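Undergrad:
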Amino acid sequence: MSAKKKQFVYSKGLDNALLAVYDAYVFFIRFFREIFRGRMEFQEIVKQCYAIGNKSLLLISLTGFITGMVFTKQSRPSLSEFGATSWLPSLVAIAIVRALAPLVTALISAGKIGSSIGAELGSMRVTEQIDAMEVSAVNPFKFLVVTRVIACTIAIPVLMFYCSMVSLFGAYLNVTLNEGTSFIAFFENAFEQITFLDIWTSVAKAIAYGFTIGIVGSYQGYNASKGTEGVGKAANSAVVTSMFLIFIEEVIIVQVSNYFRA
Amino acid sequence: MEEDFKPGEPVIEVRDLYKSFGSLHVLQGVNLTVHKGENMVVLGRSGTGKSVLIKIMIGLLKQDRGDCIVLGKEVSNLTGNDLRDLRLKIGFSFQNSALYDSMTVRENLEFPLVRNIPNLTRADIDEQVEYVLDAVGLLQTINQVPAELSGGQRKRIGIARTLILKPEIMLYDEPTAGLDPITCLEINELINEVKEKYQTTSIIITHDLTCARETGDRIAMLLDGQFLKTGTFEEVFDTDEERIKSFYDYNFIQ
């Protein structure tokens, strides 16, 4: 008996890629449909927000602090060449608020939270826990996916603000150790150059990154297959895909905010 | 409109059912009728499509063609609330129990209850959870997490989680797989107790002959994607059919 040859519209690779994009689109649309359907799992959203904050707080504190400190240290020689070290607080604050804090928070969260969502949902999929919810007439998408995506969208902006403060504190320590600038003088100088547009842009970025981390992690985990290998793959893809999308979003949001700035 | 099923009336009817996964033809024209109040055992080797059959019955999979009518409704035509209503009447016990790892036994049992029956008080929830846990003999595990339970306990809790919604039909997927002989006997007894206490109609998927003999009112032998023979345990195995004889002999040697 000869095996029937599988027919492809374009090629195997392109067909699979197009199908994956279509699947992701359907998942994305389903998220917005399910938000308004049935009861909202507020308790689970709060639980997930707490888990996200708890998981990332230490890592974000550490990376935020180091980022602020190192960025200040690296910027000082260039500014001192022009005798402009007094601009250091403003320069560092603009860099942190506009770019570093949202990006550091997003990348850390993509690694820590995205992989955790991918692995958790992936493991629930391969051990039939998601099927068990479905057969007991509970909507697993609403309980597992919607709650995690909303929690990420809420928690990442909060973490981003926290990261900004810790980074600025790192920068302040470096400045005060070298220039002896006081706490009040540093922060007055730092916040002088920050505009509402900077803050709103950062918030918009953090919301977009949080949503991306939540939806990508959930998509990869919810559609995991092939046992434990699939769980690892889901966790890995969640991180790689969300990081890739975060950089694309960064470019787009910066372009849009520059349009308003001009 | 809700239909009134009299005792002995068919509650599950499978007609000429086909299901394939790519080039793998799992079910090839399966026919089966299960009557109200009976325990039907679907017996067969691993990979013959037994689990696929009950997953089609609860709408987790869709058949390629044929009819699967449960409680008077074609399952593949149901969506949204209609499918949800049907699922509320069916309990599905998974092969690996599928307990929610991150929840305690109490939370596992509360999970479907509070989401399907609104306005329950804390006292009502506690009473119902304790009642079903007592029914499966595991009230003492109420605050444990699944990782702390043995394989047999996990199976029992899995069954308890389905019983909490008081289903009319129970679907057991390999209830004794991976358990020691004594625990197998306990699970077999539990299946019979559930039938008595909850007046359920059950389909038990297994490759374990002892389980089939102890729990089945009738047995359907699934081999090569089709039911070879249906009847009581004695009727099915009193045969010259080579494949059925070799299945029996293999189990006997085991």
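Same order as they appear, the protein sequences are chains E and W.
Start counting the first sequence at 0; every next residue gets the next number (numbering that gives the first Met the number 0).
Start counting the second sequence at 0; every next residue gets the next number (numbering that gives the first Met the number 0).
Even for Gly, the Cβ is constructed at its ideal location relative to N, Cα and C.
Owing to the predicted nature of the structure, the values given are computational and were not obtained by experimental measurement.
Could you list the residues in the stretch 91-104 of chain W with a C-beta less than 9 Å from some C-beta on chain E, going in chain order?
TA: So the list reads 91, 93, 94, 95, 96, 97, 98, 99, 100 and 101, given in the order they occur along the chain.
Undergrad: In the DSSP assignment, what residue or residues form a beta bridge with residue 91 of chain W?
TA: Answer by DSSP bridge pairing, in chain order: W/170.
Undergrad: On the DSSP letters alone, give me the boundaries of the alpha helix (DSSP H) that residue 104 of chain W sits inside.
TA: Segment 104-115, the alpha helix (DSSP H) holding residue 104 of chain W.
Undergrad: Between residue 214 of chain E and residue 157 of chain E, which are expected to be in contact by the criterion C-beta below 8 Å, what is the C-beta distance as a whole number of angstroms?
TA: Contact doesn't hold; Cβ gap of about 18 Å is too wide.
Undergrad: Give me the DSSP bridge partner(s) of residue 225 of chain W.
TA: According to DSSP, which records beta bridges pairwise, residue 225 of chain W is partnered with W/222.
Undergrad: Mind reading off the beta-carbon distance from residue 42 of chain W to residue 176 of chain W? Whole number of angstroms is fine, and I expect it under 8 Å.
TA: Between residue 176 of chain W and residue 42 of chain W the Cβ distance is about 13 Å, and since that is not below 8 Å, they are no contact.
Undergrad: Where are the beta strand (DSSP E) runs, 3 residues long or more, that stay fully inside the stretch 132-161 of chain W, in chain order?
TA: Here no run is fully enclosed.
Undergrad: Output the boundary residues of the alpha helix (DSSP H) element that contains residue 258 of chain E.
TA: Residues 226-260.
Undergrad: Where do the ends of the alpha helix (DSSP H) carrying residue 69 of chain E lie?
TA: Per DSSP, residue 69 of chain E belongs to the alpha helix (DSSP H) from 41-80.
Undergrad: So, helix, strand or coil for residue 137 of chain E, using DSSP?
TA: Residue 137 of chain E falls in the coil class under three-state DSSP.
Undergrad: Among E/142, E/91, E/108 and E/210, whose alpha-carbon lies nearest the alpha-carbon of residue 99 of chain W?
TA: Closest by alpha carbon: E/142.
Undergrad: Below 8 Å between beta carbons: does that hold for residue 55 of chain W and residue 18 of chain W?
TA: Yes, the Cβ-Cβ distance between residue 55 of chain W and residue 18 of chain W is below 8 Å.
Undergrad: Provide the residue span of the alpha helix (DSSP H) that contains residue 125 of chain E, from first to last.
TA: Unbroken alpha helix (DSSP H) run through residue 125 of chain E: 114-125.
Undergrad: May I ask you to report which of helix, strand or coil DSSP gives residue 6 of chain E?
TA: Three-state result, residue 6 of chain E: coil.
Undergrad: Where does residue 145 of chain W land, buried or exposed, given buried means 16+ other C-beta within 10 angstroms?
TA: Label assigned to residue 145 of chain W: buried.
Undergrad: Check the Cβ of residue 128 of chain E against every Cβ in chain W and list those closer than 8 Å, keeping chain order.
TA: Those within 8 Å of residue 128 of chain E in chain W are 97, 98, 99 and 100.
Undergrad: Compare the C-alpha of residue 173 of chain W against each of W/131, W/46 and W/223 and name the closest.
TA: Checked all of W/131, W/46 and W/223; the closest Cα to residue 173 of chain W is W/46.
Undergrad: Just the Cα atoms here: how many angstroms apart are residue 256 of chain E and residue 100 of chain E?
TA: Near 16 Å, if we compare the C-alpha coordinates of residue 100 of chain E and residue 256 of chain E.
Undergrad: If the cut-off is 9 Å on Cβ atoms, which residues from the stretch 156-173 of chain E count as contacting chain W, listed in chain order?
TA: Per Cβ criterion, the list is empty.
Undergrad: Taking residue 137 of chain E as the query, report the chain W residues whose CB atoms sit under 8 Å from its CB, ordered along the chain.
TA: Those are 110, 111, 114 and 115, listed as they occur along chain W.
Undergrad: Enumerate in chain order the residues of its own chain whose CB-to-CB distance from residue 252 of chain E is below 8 Å, with the five nearest sequence positions on each side excluded.
TA: So the qualifying residues of the chain are 200, 203, 204 and 207.
Undergrad: Comparing the C-beta of residue 137 of chain W with each C-beta of chain E, is any distance below 8 Å?
TA: No, no contact with chain E.
Undergrad: Report the neighbours of residue 87 of chain W on chain E: residues whose CB is nearer than 7 Å to its CB, in chain order.
TA: Ordered by position in chain E, the residues that pass the 7 Å Cβ test against residue 87 of chain W are 136.
Undergrad: Cβ of residue 137 of chain E within 8 Å of Cβ of residue 114 of chain W?
TA: Yes, these two residues count as a Cβ contact at 8 Å.
Undergrad: Mind checking the stretch 28-60 of chain W against chain E and listing, in chain order, the residues whose C-beta falls within less than 7 Å of any C-beta there?
TA: Within the stretch 28-60 of chain W, the residues whose Cβ lies closer than 7 Å to some Cβ of chain E are 57 and 59, listed in chain order.
Undergrad: Beta-carbon of residue 33 of chain E versus every beta-carbon of chain W: anything under 8 Å?
TA: It does not: the Cβ of residue 33 of chain E has no partner Cβ on chain W nearer than 8 Å.
Undergrad: Would you say the beta carbon of residue 193 of chain W is closer than 7 Å to some non-hydrogen atom of the ligand FMN?
TA: You won't find the ligand FMN in this model; it holds no ligand whatsoever.
Undergrad: Consider the Cβ of residue 164 of chain W: report whether some Cβ of chain E lies at a distance smaller than 8 Å.
TA: Residue 164 of chain W counts as touching chain E.
Undergrad: In this structure, how does DSSP classify residue 165 of chain W when only helix, strand and coil are distinguished?
TA: Coil.
Undergrad: Can you tell me the Cβ-Cβ gap for residue 210 of chain E and residue 151 of chain E, rounded? I've got them flagged as a contact below 8 Å.
TA: At roughly 7 Å, the Cβ-Cβ gap stays under 8 Å, so residue 210 of chain E and residue 151 of chain E are in contact.
Undergrad: Just tell me which of W/154, W/209, W/181 and W/11 has its CA closest to the CA of residue 96 of chain W.
TA: The option with the nearest alpha carbon to residue 96 of chain W is W/154.
Undergrad: Please compile the residues from chain E whose C-beta is within a distance smaller than 8 Å of the C-beta of residue 83 of chain W.
TA: Neighbours of residue 83 of chain W on chain E, chain order: 136.
Undergrad: Output, in sequence order along the chain, the residues in the stretch 211-229 of chain E whose CB is closer than 8 Å to any CB in chain W.
TA: Within the stretch 211-229 of chain E, no residue qualifies.
Undergrad: When the Cα atoms are used, what is the spatial distance from residue 230 of chain E to residue 120 of chain E?
TA: If you take the alpha carbons of residue 230 of chain E and residue 120 of chain E, they lie about 8 Å apart.
Undergrad: Give me the chain W residues within the contact set of residue 131 of chain E, using Cβ-Cβ distance strictly less than 7 Å, ordered along the chain.
TA: Within chain W, the residues near residue 131 of chain E are 93 and 97.
Undergrad: Going along the chain, which unbroken runs of the beta strand (DSSP E) with 3 or more residues stay wholly within the stretch 188-216 of chain W?
TA: Segments of the beta strand (DSSP E) lying fully in the stretch 188-216 of chain W: 200-205.
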